[in-house]
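*Asks:*
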Amino acid sequence: MITLNSKKIGVIVEVDGIYAKVGMYNETNDAEFIWDGEILTGPKVGAYLTINQGMAKIIATVSSEKIIDNQNNVGDNDYDNTFSKNTINRIISLKVKSVINNNRFSISSEYVPMIGNVVSLTTKKELNVIYGLSDNTDAVLIGKSLLEEYPIHLPIDSIFASHIGIFGNTGSGKSNTLHKLYLELFKSSYLKNISSVSQFYVIDFNGEYTQENQFGLSDKYKRVFKVNTRNDKKRDRIPIKKDYLFDADILSILFDARPATQVPFLRNALKIFNEDIKDEKTFANLEIGLLKRIIQEHKSVSSDSLNNWVIAAKELGIDGNLLNALSLHFRIDYGNLDVRSEDKQSILDGEQISSEGLEILKIEEIRNQLTEKYEKLSQIRKLKSFLEFQRVYVSAWKSTNIEHINPLFKRIETSILSLEKVIEIVDDVKDKYKMVNIISLLDANQEITRLIPMLISKMIYDEQKNCVSNDGEVKRTMHLIIDEAHNILNSQFRRNGDDWQDYRLSIFEEIIKEGRKFGFYLTLASQRPADISPTIMSQLHNYFIHRLVNENDLEMLKNTMPTLDKYSFNMIPNLGQGEAVITGNSIKVPLLIKVNKEEVIKPNSDDVILTSLWKK
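Position 227, counted from 1, in the sequence shown is what this note's numbering calls 229; the numbers after and before it change by one each time, with no gaps.
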């Protein structure tokens, strides 16, 4: 390491717009120098240098370097491939980044390099202007600059009030960066106020954020939901408002309903269920009304209608002995339904069931049991029972071919079993969630893994949007964090005609386009950015890029990140663990940093050390 009497290291010898070349002084070839008691980074690729132009300091980065041999020439017959310290000149290529003028850092085209401008090492004071923040700007410490090891603080307002993308291959430090970012936020002096006006939802596919004290938070501020479709004893149910689960679009996709007949059936049934079935009494009255119509209009309904109604009632749990009256007193006689009691007493009085008929058929007793049994069902089972009776209704008058909708009910039964295990239907979610809510999907089946993120996201987004619309301004914020986001935001499925994914992507594309103005912010982390919808990728505001080597991933970043410069882009495949490029609207210039690693409070994402495991 050389001690310099002057920080001047060269002079501009060529200019091409924002690009310039520097003829270097001989003593300036070290990686680091001591000047005025400071250790300064030498002129290596990626480092900052300062071009002095009057009172302004043009800040540039080293993009390449080469030497010119004054003694030998490649075309010379006497070329001997011998280099001498006294015969070569070092030439450095620079790219202008910005300007420091009046101690303020700005992106400007007002100043460009000029031949003869002196180039000097960038001092700590200048780095402070480049990396530092304006006065009174609250920030979180994320790490250090890679070359200068200068502390990097990120402004709270512009980072967390934005959509964030965190990308990197497995083992690159992606999970640590996500966790570190929010850990530092919650360590700030704002925690108490954050807890009163903001909520954070973490969609955790791999169970990485479920440990005690994750994000540095106690259970006072945090709740972990472990969604489990495999173990009945170890599971949490996710509170979901009824309107969001019992949505025709969502259930049509969940039940894999066919568009021609099954989707219209579901839409009509759900409209009645959501608007007309207020309680167990309205349900019982509706189904008793259906029963009466089947009896009264026996000549115009399908011959198996009454039997289908009885089957639906038995499935609900209605006493079979009570239902026997319905089958005992009806007979097919010469193709017509004979509606008389065993003692030949008429059950029908004209087109209505007689008072004696109501008693014989035990209609009121059946009504009471319908009320009782329905009341005890879960909300999800209530829907299932209602759909069973709706199947009877549409098939009775042949408005729908029952053979077309029967396959739907097999899929409904399977889905209902999964839903009951993981979802709690509530009227209001206000007191169901805490400041930070971690939804772990590690032990969930594929169906639920696809459903829960969509339900949660749509519900909290709509709640936030409605709140802002009613208040006329943003008085609270909502933050949705999705790790391994490619699991649910994969645009490939849309191209393959996956209705599930098409609907889900539509929801998230609306969130990322419109969410910011409603105080709704999205953070995505993924090891496969190329799989994520380009629309979503292009709408992110700030990026944390760890090591990526796949060409498709790199091409996606190149096409969707306008603030990423060539040098930073070229560094991405060569970044070490924990190293990252930060770029975006909140960052003055792209930063190469080493993210601080948390050794105690950290996500459960470390690689397995096989030799340590095998030594046990």
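Even glycine gets a Cβ: it sits at the ideal position worked out from N, Cα and C. Keep in mind the model is a prediction, meaning the values are calculated, not measured.
1) Determine, for residue 307, whether the minimum Cβ-Cβ distance to residues of chain D falls below 9 Å.
2) Hey, residue 535 and residue 511: beta-carbon distance below 9 Å or not?
3) Kindly indicate which three-state DSSP category residue 280 falls into: helix, strand or coil?
4) Among the residues of its own chain, which have a CB less than 6 Å from the CB of residue 58, if the five just before and after it don't count?
5) What span of residues does the alpha helix (DSSP H) with residue 399 cover, start to end?
6) Suppose the cutoff is 6 Å on Cβ atoms and the five residues either side in sequence are ignored; what does the same chain contact list for residue 445 look like?
7) Excluding the five sequence neighbours on either side, which residues of its own chain have a C-beta within less than 7 Å of the C-beta of residue 631, listed in chain order?
8) Beta-carbon within less than 7 Å of residue 604's beta-carbon, same chain only, minus the 5 sequence neighbours each way: which residues are those?
9) I believe residue 586 touches residue 544 by the beta-carbon criterion, under 8 Å. Please report the beta-carbon distance rounded to the nearest angstrom.
10) From residue 246 to residue 428, what does the alpha carbon distance come to, in whole angstroms?
11) Would you give the residue range spanned by the alpha helix (DSSP H) that residue 26 belongs to?
12) What is the rounded straight-line gap between the Cα of residue 193 and the Cα of residue 567?
13) Measure the CB-CB distance between residue 595 and residue 584 and report whether it falls below 9 Å.
14) Please classify residue 176 as buried or exposed, where buried requires at least 16 other C-beta atoms within 10 Å of its C-beta.
15) Using the Cβ count rule (16 or more neighbours within 10 Å means buried), how would you classify residue 409?
16) Tell me which residues share the same chain as residue 513 and place their Cβ nearer than 8 Å to its Cβ, disregarding the 5 neighbours each side in the sequence.
17) Could you spell out where the alpha helix (DSSP H) holding residue 131 opens and where it closes?
18) Taking the C-alpha atoms as reference points, what is the distance between residue 599 and residue 143?
19) Helix, strand or coil for residue 589, going by three-state DSSP, please let me know.
20) Residue 66 and residue 95 - do their beta-carbons sit closer together than 9 Å?
21) Please list the segments of the alpha helix (DSSP H) lying wholly inside the stretch 356-409, counting only runs of 4 or more residues, in order along the chain.
22) What alpha helix (DSSP H) runs, 4 residues minimum, are completely inside the stretch 181-255?
23) What is the rounded straight-line gap between the Cα of residue 353 and the Cα of residue 378?
24) Does the beta-carbon of residue 311 have 16 or more other beta-carbons within 10 angstroms, so that it is buried, or is it exposed?
25) Answer yes or no: do residue 41 and residue 69 have a C-beta to C-beta separation smaller than 9 Å?
26) Please list the terminal residues of the continuous beta strand (DSSP E) segment that includes residue 545.
27) Within its chain, find whatever has a CB closer than 6 Å to the CB of residue 443; leave out the 5 residues flanking it on each side and keep chain order.
28) Which residue's Cα is closest to the Cα of residue 197: 52, 426, 437?
29) Do residue 105 and residue 54 have their CB atoms nearer than 9 Å?
30) Report, in whole angstroms, the separation of the C-beta atoms of residue 204 and residue 115, which I expect to be a contact under 8 Å.
*Replies:* Put simply:
1) The structure shown contains no chain D, having only a single protein chain.
2) The count along the sequence shown starts at 1 and reaches residue 535 at position 533. The count along the sequence shown starts at 1 and reaches residue 511 at position 509. For residue 535 and residue 511, yes; Cβs fall inside 9 Å.
3) One-based indexing of the sequence shown puts residue 280 at position 278. Residue 280 carries a coil assignment under DSSP once its states are collapsed to helix, strand and coil.
4) Within the sequence shown, the letter at position 56 stands for residue 58. The answer, listed in chain order, is 101, 103, 113.
5) As a position in the sequence shown, residue 399 is number 397, starting the count at 1. No residue range can be given for residue 399, since it is assigned to no alpha helix (DSSP H) and is classified by DSSP as neither H nor E.
6) In the sequence shown, the residue the question calls residue 445 occupies position 443. Cβ neighbours of residue 445 beyond the five flanking positions: 230, 232.
7) Because the chain here runs from 3 to 618, residue 631 falls outside it and cannot be looked at.
8) For the purposes of this step, residue 604 is taken as residue 602 along the sequence shown, with counting starting at 1. Excluding sequence neighbours, residue 604 sits near 178, 181.
9) Start at 1 with the first residue of the sequence shown, and residue 586 comes out as number 584. Start at 1 with the first residue of the sequence shown, and residue 544 comes out as number 542. In this structure residue 586 is in contact with residue 544, their Cβ atoms being roughly 3 Å apart against a cut-off of 8 Å.
10) Translated into positions along the sequence shown, residue 246 becomes position 244. Translated into positions along the sequence shown, residue 428 becomes position 426. Just so you know, the alpha carbons of residue 246 and residue 428 end up roughly 10 Å apart.
11) Residue numbering aside, residue 26 sits at position 24 when the sequence shown is read from its first letter. It is not in any alpha helix (DSSP H) - residue 26 instead sits in the beta strand (DSSP E) that spans 21-26.
12) On the sequence shown, position 191 is the one that residue 193 refers to. On the sequence shown, position 565 is the one that residue 567 refers to. Their Cα atoms are separated by approximately 35 Å.
13) Indexing the sequence shown from 1 puts residue 595 at position 593. Indexing the sequence shown from 1 puts residue 584 at position 582. Taking a C-beta distance under 9 Å as the contact criterion, residue 595 and residue 584 qualify as a contact pair.
14) As a working note, residue 176 is residue 174 in the sequence shown. Buried.
15) Residue numbering aside, residue 409 sits at position 407 when the sequence shown is read from its first letter. Within a 10 Å sphere around the beta-carbon of residue 409 sit fewer than 16 other beta-carbons, which makes this residue exposed.
16) Here residue 513 corresponds to residue number 511 of the sequence shown, with the count starting at 1. 459, 463, 482, 522, 524.
17) Working through the sequence shown from its first residue, we reach residue 131 at position 129. Boundaries of the alpha helix (DSSP H) around residue 131: 126-133.
18) As a working mapping, residue 599 is identified with position 597 in the sequence shown. As a working mapping, residue 143 is identified with position 141 in the sequence shown. Taking the straight line from one Cα to the other gives about 12 Å.
19) Position 587 of the sequence shown, counted from the start, is the residue given in the question as residue 589. Residue 589: coil per DSSP, three-state reduction.
20) The residue labelled residue 95 in the question sits at position 93 within the sequence shown. The residue labelled residue 66 in the question sits at position 64 within the sequence shown. Cβ atoms of residue 95 and residue 66: closer than 9 Å.
21) Segments of the alpha helix (DSSP H) lying fully in the stretch 356-409: 357-362, 365-377, 381-398.
22) Counting only runs of 4+ residues, the alpha helix (DSSP H) found wholly inside the stretch 181-255 occupies 193-199, 244-247, in chain order.
23) Position 351 of the sequence shown, counted from the start, is the residue given in the question as residue 353. Position 376 of the sequence shown, counted from the start, is the residue given in the question as residue 378. Residue 378 has its alpha-carbon roughly 34 Å from the corresponding atom of residue 353.
24) Position 309 of the sequence shown, counting from 1, holds the residue named residue 311. By the neighbour-count criterion, in which 16 or more other beta carbons inside 10 Å mark a residue as buried, residue 311 falls on the buried side.
25) Taking the sequence shown and counting its residues from 1, one reaches residue 41 at position 39. Taking the sequence shown and counting its residues from 1, one reaches residue 69 at position 67. Not in contact: residue 41 and residue 69 (Cβ atoms no closer than 9 Å).
26) As a position in the sequence shown, residue 545 is number 543, starting the count at 1. Going by DSSP, residue 545 is part of the beta strand (DSSP E) stretching over 544-547.
27) By one-based count along the sequence shown, residue 443 stands at place 441. Only 207, 229, 451 meet the Cβ criterion.
28) Taking the first residue of the sequence shown as 1, we reach residue 197 at position 195. Selected option, being the one with the closest Cα: 437.
29) Along the sequence shown, one-based indexing puts residue 105 at 103. Along the sequence shown, one-based indexing puts residue 54 at 52. Not a contact, by the Cβ cut-off of 9 Å.
30) Working through the sequence shown from its first residue, we reach residue 204 at position 202. Working through the sequence shown from its first residue, we reach residue 115 at position 113. With a Cβ gap of about 47 Å, residue 204 and residue 115 do not count as contacting.
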